[in-house]
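So that you can map any letter, position 165 of the sequence shown is 181 in our numbering, and since no number is skipped, the others follow by simple counting.
In this text, a Cβ means the ideal position worked out from N, Cα and C, and glycines have one as well.
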Amino acid sequence: MIGSVSFATVFLHLLKSERKIEDLDVKSSVSKETAKGIFGAGADSASIILGTKYGIVVGVLDTIKAFVPMLLIAYVIFPLEYYHLLFSLAALVGHNWPIYFRFRGGRGFSAIFGSFLAVDWLGAFSTTIIGVLLGMVVFENLMIAFSGWLWLMTPWLFVRSSDCVFLLYSASLIVIFLLAAAPEIKEFLS
17 MIGSVSFATV
27 FLHLLKSERK
37 IEDLDVKSSV
47 SKETAKGIFG
57 AGADSASIIL
67 GTKYGIVVGV
77 LDTIKAFVPM
87 LLIAYVIFPL
97 EYYHLLFSLA
107 ALVGHNWPIY
117 FRFRGGRGFS
127 AIFGSFLAVD
137 WLGAFSTTII
147 GVLLGMVVFE
157 NLMIAFSGWL
167 WLMTPWLFVR
177 SSDCVFLLYS
187 ASLIVIFLLA
197 AAPEIKEFLS
């Protein structure tokens with residue numbers, strides 16, 4: 017239920033934006049065709065429509081909606097259990113397919129980052145820095161710089177914890193992300 021709060025959609029409604037997320041389009045770098053309506057309701061879309069300031073606010077709120085409840089569950093309510101990981105997965109599913117907004121949500125970068133912060137704050141920051149460096153310096157690829165931390169999360173959590181539960185958890189986050197981002201991935205690859 018908490019994950020289903022789409023702050024991008026809420027801000028678009030509160031600020032009475034004439035532009036809608038469904039109206040956003042992207043040009044394929046390969047085919048030069050334009051695809052409409054493939055963007056999700058997240059911080060990127062809010063930034064494109066409302067500006068950088070609101071995009072950052074939406075991203076921070078999406079991060080907090082996963083981070084704060086996970087901390088409460090992990091350290092206050094069930095400190096010796098893995099329930100916070102299940103909450104993280106549920107929050108991501110809610111974010112990507114929100115029940116309050118006809119199942120049209122974001123892709124989950126901010127929600128995943130908030131979850132990663134709650135599980136291993138050092139890993140969240142370290143993999144972000146390493147991903148940006150790999151993307152910008154080694155591969156000279158903006159997409160790797162943007163998403164590298166997501167792919168580094170699984171080995172980081174497994175090495176740090178030596179717990180297969182975290183391996184399964186991080187792999188599940190990535191699968192949920194890929195399912196939600198499938199339209200964008202398909203468009204960029206075509």
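Considering only the alpha carbon of each residue, which of 126, 74 and 164 lies closest to residue 105? Position 89 of the sequence shown, counting from 1, holds the residue named residue 105. Distances from the CA of residue 105 to each of 126, 74 and 164 were compared; the closest alpha carbon is that of 126.
Could you give the distance in angstroms between the alpha-carbon of residue 84 and the alpha-carbon of residue 56? The sequence position of residue 84 within the sequence shown is 68, counting from 1. The sequence position of residue 56 within the sequence shown is 40, counting from 1. Distance between the alpha carbons of residue 84 and residue 56: 23 Å.
Spatial distance of residue 17 from residue 94 (CA atoms): By 1-based counting over the sequence shown, the position of residue 17 is 1. By 1-based counting over the sequence shown, the position of residue 94 is 78. When the Cα atoms are used, residue 17 and residue 94 turn out to be separated by approximately 19 Å.
Looking only at its chain, what residues have a beta carbon closer than 6 Å to the beta carbon of residue 71, apart from the 5 residues adjacent to it on each side? Working through the sequence shown from its first residue, we reach residue 71 at position 55. So the qualifying residues of the chain are 59, 62 and 63.
Does the stretch 117-137 come close enough to the stretch 189-197 that 3 or more CB-CB pairs lie under 8 Å? The stretch 189-197 is in contact with the stretch 117-137.
For residue 22, collect the residues of the same chain with a Cβ closer than 6 Å to its Cβ; drop the 5 residues on either side in sequence, then sort them by chain order. The residue labelled residue 22 in the question sits at position 6 within the sequence shown. 57, 114, 117 and 121, listed in sequence order.
Distance between residue 157 and residue 45 (C-alpha atoms, nearest Å): The residue you call residue 45 lines up with position 29 of the sequence shown. The residue you call residue 157 lines up with position 141 of the sequence shown. Confidence is the limiting factor: at residue 45 the pLDDT is only 49, short of 50, which leaves the residue's position unreliable, though a coordinate-based value still follows. The C-alpha of residue 45 lies about 14 Å from the C-alpha of residue 157.
Check residue 176 in the structure and name its three-state DSSP category. Your numbering for residue 176 matches position 160 in the sequence shown. In this structure, residue 176 counts as helix in the three-state DSSP scheme.
What are the start and end residues of the alpha helix (DSSP H) that includes residue 146? As a working note, residue 146 is residue 130 in the sequence shown. First-last of the alpha helix (DSSP H) with residue 146: 137-149.
Do residue 139 and residue 20 have their C-beta atoms closer together than 7 Å? By 1-based counting over the sequence shown, the position of residue 139 is 123. By 1-based counting over the sequence shown, the position of residue 20 is 4. Contact: no.
Determine the DSSP secondary structure at residue 64, reduced to helix, strand or coil. Indexing the sequence shown from 1 puts residue 64 at position 48. Correct three-state label for residue 64: helix.
Beta-carbon proximity of residue 134 to residue 169, cut-off 7 Å: Counting from one through the sequence shown, the residue named residue 134 turns up at place 118. Counting from one through the sequence shown, the residue named residue 169 turns up at place 153. No. Outside cutoff.
Helix, strand or coil, according to DSSP, for residue 96 in the structure here? Position 80 of the sequence shown holds residue 96. Residue state, collapsed to three classes: coil.
Leaving out five residues before and five after residue 77 in sequence, what residues of the same chain have Cβ atoms less than 6 Å from its Cβ? Along the sequence shown, read from residue 1 onward, the residue named residue 77 stands at position 61. 23, listed in sequence order.
Any idea if residue 147 is buried or exposed, counting beta-carbon neighbours within 10 angstroms, 16 or more meaning buried? For the purposes of this step, residue 147 is taken as the residue at position 131 of the sequence shown. By the neighbour-count rule (16 or more Cβ atoms within 10 Å), residue 147 is buried.
The alpha helix (DSSP H) that contains residue 26, what's its start and end? In the sequence shown, residue 26 corresponds to position 10, counting from 1. Secondary structure note for residue 26: its alpha helix (DSSP H) is the uninterrupted segment 23-30.
Beta-carbon contacts of residue 176 that lie in its chain and below 7 Å, excluding the five residues immediately before and after: Here residue 176 refers to the residue found at position 160 when the sequence shown is read from its first residue. Excluding the 5 residues flanking it on each side, residue 176 has same chain C-beta neighbours closer than 7 Å at 136 and 139, in chain order.
Please state the DSSP three-state secondary structure of residue 33. As a first step, residue 33 must be located in the sequence shown, where it is residue number 17. In the structure shown, residue 33 sits in coil (DSSP, three-state: anything other than H, G, I, E or B).
Helix, strand or coil at residue 200 according to DSSP, with G and I counted as helix: Translated into positions along the sequence shown, residue 200 becomes position 184. In the three-state reduction of the DSSP assignment, residue 200 falls in the helix class.
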